[in-house]
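Q: Mapping to our numbering: the sequence shown position 168 is 251, numbers consecutive.
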Amino acid sequence: MQVAALSCVVTVRAVRLTCEPLSSHDGTSDLLVRDDQGRTACTLWTHVARWSCKDAELAIQVIAPEAIVLPMPEASEPAPGALARLTQALLGSGGLLLLRNPSTAFGAAKIVFAQGVRLFAIAEAADEACWDAMLSLGQPVYGIRGTIACACRTVHPGAVISALAYGTFTCEEGLAVSVLDESRQGVKWTLPVEAETAVIVRDGFEAGRFRNVTGEWQDRGSEGYVRLVMRAPSGAAWTQPRFIAPVLSKGGGCA
Numbered sequence: 084m085q086v087a088a089l090s091c092v093v094t095v096r097a098v099r100l101t102c103e104p105l106s107s108h109d110g111t112s113d114l115l116v117r118d119d120q121g122r123t124a125c126t127l128w129t130h131v132a133r134w135s136c137k138d139a140e141l142a143i144q145v146i147a148p149e150a151i152v153l154p155m156p157e158a159s160e161p162a163p164g165a166l167a168r169l170t171q172a173l174l175g176s177g178g179l180l181l182l183r184n185p186s187t188a189f190g191a192a193k194i195v196f197a198q199g200v201r202l203f204a205i206a207e208a209a210d211e212a213c214w215d216a217m218l219s220l221g222q223p224v225y226g227i228r229g230t231i232a233c234a235c236r237t238v239h240p241g242a243v244i245s246a247l248a249y250g251t252f253t254c255e256e257g258l259a260v261s262v263l264d265e266s267r268q269g270v271k272w273t274l275p276v277e278a279e280t281a282v283i284v285r286d287g288f289e290a291g292r293f294r295n296v297t298g299e300w301q302d303r304g305s306e307g308y309v310r311l312v313m314r315a316p317s318g319a320a321w322t323q324p325r326f327i328a329p330v331l332s333k334g335g336g337c338a
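1) With burial defined as no fewer than 16 other Cβ atoms inside 10 Å of the residue's Cβ, what is the status of residue 277: buried or exposed?
2) Whole angstroms are fine: how far does the CA of residue 159 sit from the CA of residue 238?
3) What is the rounded straight-line gap between the Cα of residue 185 and the Cα of residue 240?
4) Using the Cβ count rule (16 or more neighbours within 10 Å means buried), how would you classify residue 175?
5) Following the continuous alpha helix (DSSP H) through residue 243, name the residue where it begins and the one where it ends.
6) From the DSSP secondary-structure annotation, give me the bridge partner or partners of residue 130.
7) If we call anything under 7 Å between Cβ atoms a contact, is residue 154 one with residue 133?
8) Report the rounded CA-to-CA distance for residue 224 versus residue 144, giving the unit in angstroms.
9) In whole angstroms, what separates the C-alpha of residue 181 from that of residue 202?
10) Would DSSP call residue 90 helix, strand or coil?
11) Since residue 105 contacts residue 243 with CB under 8 Å, what's their CB separation in whole angstroms?
12) Taking the straight line between their C-alpha atoms, what separation do you get for residue 84 and residue 236?
13) Contact check, residue 320 vs residue 251 under 8 Å by CB: the rounded distance?
14) Does the Cβ of residue 326 have 16 or more other Cβ atoms within 10 Å, making it buried, or fewer, making it exposed?
15) Indicate whether residue 205 and residue 228 have their beta-carbon atoms separated by less than 7 Å.
16) Check for me: the beta strand (DSSP E) holding residue 264 runs from which residue to which?
17) Quick check on residue 170: does DSSP put it in helix, strand or coil?
18) What separation, rounded to the nearest whole angstrom, lies between the Cα atoms of residue 147 and residue 296?
19) Any idea which residues DSSP pairs residue 202 with across the strands?
20) Taking residue 207 as the reference, which of 162, 151, 187 and 112 has the closest Cα?
21) Spell out a yes or no on whether the stretch 211 to 221 and the stretch 111 to 120 are touching, meaning 3 or more CB-CB pairs, one atom from each, closer than 8 Å.
22) Taking the CB atoms as reference points, tell me whether residue 280 and residue 298 lie closer together than 7 Å.
23) If we ignore side chains and look at the alpha-carbon of each, how far apart do residue 190 and residue 115 end up?
24) DSSP beta-bridge partners for residue 271?
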């Protein structure tokens, strides 16, 4: 007698979690993570400080699943060395370093000295220029502004930290992204209202612009990275960069 094999498909529903890292002030505090009902789902540990270095003032923030003992600032130390010391101190802790003043600390021309920083605060166009400059160097840096929204399979501080570390989140200021479908070939999106969506690629160049509730971008292989900026009368939203593998021609060169 043959026994038919039974299969069971379990669907794990992702939970929308949000937080506002830049609302934290100087010192150590809890960073509240909320669910889609506005209830506190979990908390992260965060520390905000200003380090006066030899050549610049750094506005830094550390976000972690639990408390971390951080090194002390040294006034005689150059800013790149201070960031390197901070990133070294965070190794193995699950903590992430956020630079809250990329444009005033370094500027686009010198932002390469911020290598190792995972998150940039984007408050103005000059910060965005720093972000694009770092992305154009192939450095995985993710932008923070407004409300951070991520879809996590578990309501756990580590899940939120993972989303921040790997750029699987969007930034919202009055506009939420309903659907963001990213693949190796491109990206599709759906918004709750009609908006103007700009496709930003290497060097901050605008490669395309769409005006609709939905949109799609097919990768060409020459973008370097692709990120989206969406603006509507109700607000704006930003996606994180997707690094694009170059398309190789039959002869082995880049298309």
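Just so it is clear, CB atoms sit at the ideal spot from N, CA and C, and this is done for glycine as well.
A: Let me lay it out:
1) For the purposes of this step, residue 277 is taken as residue 194 along the sequence shown, with counting starting at 1. By the neighbour-count rule (16 or more Cβ atoms within 10 Å), residue 277 is not buried but exposed.
2) Here residue 238 corresponds to residue number 155 of the sequence shown, with the count starting at 1. Here residue 159 corresponds to residue number 76 of the sequence shown, with the count starting at 1. Approximately 42 Å, taken between the alpha carbons.
3) Residue numbering aside, residue 185 sits at position 102 when the sequence shown is read from its first letter. Residue numbering aside, residue 240 sits at position 157 when the sequence shown is read from its first letter. If I take the Cα positions, the gap works out to 26 Å.
4) On the sequence shown, residue 175 is found 92 positions in, with the first residue counted as 1. Label assigned to residue 175: exposed.
5) Against the sequence shown, residue 243 aligns to sequence position 160. From DSSP, the alpha helix (DSSP H) with residue 243 extends over 240 to 249.
6) Residue 130 sits at position 47 when you count from the first residue of the sequence shown. Partner(s): 111 and 145.
7) As a working mapping, residue 154 is identified with position 71 in the sequence shown. As a working mapping, residue 133 is identified with position 50 in the sequence shown. No.
8) As a position in the sequence shown, residue 224 is number 141, starting the count at 1. As a position in the sequence shown, residue 144 is number 61, starting the count at 1. Residue 224 and residue 144: Cα-Cα distance of roughly 15 Å.
9) Taking the first residue of the sequence shown as 1, we reach residue 181 at position 98. Taking the first residue of the sequence shown as 1, we reach residue 202 at position 119. Roughly 4 Å between the two C-alpha positions.
10) For the purposes of this step, residue 90 is identified with residue 7 of the sequence shown, where counting begins at 1. Caution is warranted here: a pLDDT of 46 is assigned to residue 90, below 50, making its placement in the model unreliable, and the coordinate value is therefore given only provisionally. Of the three classes helix, strand and coil, the one that applies to residue 90 here is coil, per DSSP.
11) In the sequence shown, counting from the first residue as 1, residue 105 sits at position 22. In the sequence shown, counting from the first residue as 1, residue 243 sits at position 160. 15 Å between Cβ atoms; not a contact.
12) If you number the sequence shown from 1, residue 84 lands on position 1. If you number the sequence shown from 1, residue 236 lands on position 153. At residue 84 the pLDDT is 44, less than 50, meaning the model places this residue with poor confidence; the figure from the coordinates comes in the next sentence. Straight-line Cα distance between these residues: approximately 41 Å.
13) Indexing the sequence shown from 1 puts residue 320 at position 237. Indexing the sequence shown from 1 puts residue 251 at position 168. Contact flag wrong, Cβ pair sits at about 15 Å.
14) For the purposes of this step, residue 326 is identified with residue 243 of the sequence shown, where counting begins at 1. Label assigned to residue 326: exposed.
15) If you number the sequence shown from 1, residue 205 lands on position 122. If you number the sequence shown from 1, residue 228 lands on position 145. Result yes, Cβ atoms of residue 205 and residue 228 sit closer than 7 Å.
16) The residue labelled residue 264 in the question sits at position 181 within the sequence shown. First-last of the beta strand (DSSP E) with residue 264: 262 to 265.
17) Residue mapping note: residue 170 aligns to position 87 of the sequence shown, counting from 1. Residue 170 falls in the helix class under three-state DSSP.
18) Taking the first residue of the sequence shown as 1, we reach residue 147 at position 64. Taking the first residue of the sequence shown as 1, we reach residue 296 at position 213. If you take the alpha carbons of residue 147 and residue 296, they lie about 35 Å apart.
19) As a position in the sequence shown, residue 202 is number 119, starting the count at 1. 181 and 225, per the DSSP bridge assignment.
20) One-based indexing of the sequence shown puts residue 207 at position 124. When only C-alpha atoms are compared, the closest one is 187.
21) no
22) Position 197 of the sequence shown, counted from the first residue, corresponds to residue 280. Position 215 of the sequence shown, counted from the first residue, corresponds to residue 298. It is a contact, given that the beta carbons lie within the stated cut-off.
23) Translated into the one-based positions of the sequence shown, residue 190 becomes position 107. Translated into the one-based positions of the sequence shown, residue 115 becomes position 32. Between residue 190 and residue 115, the C-alpha separation is close to 31 Å.
24) Taking the sequence shown and counting its residues from 1, one reaches residue 271 at position 188. Paired residue(s): 264 and 299.
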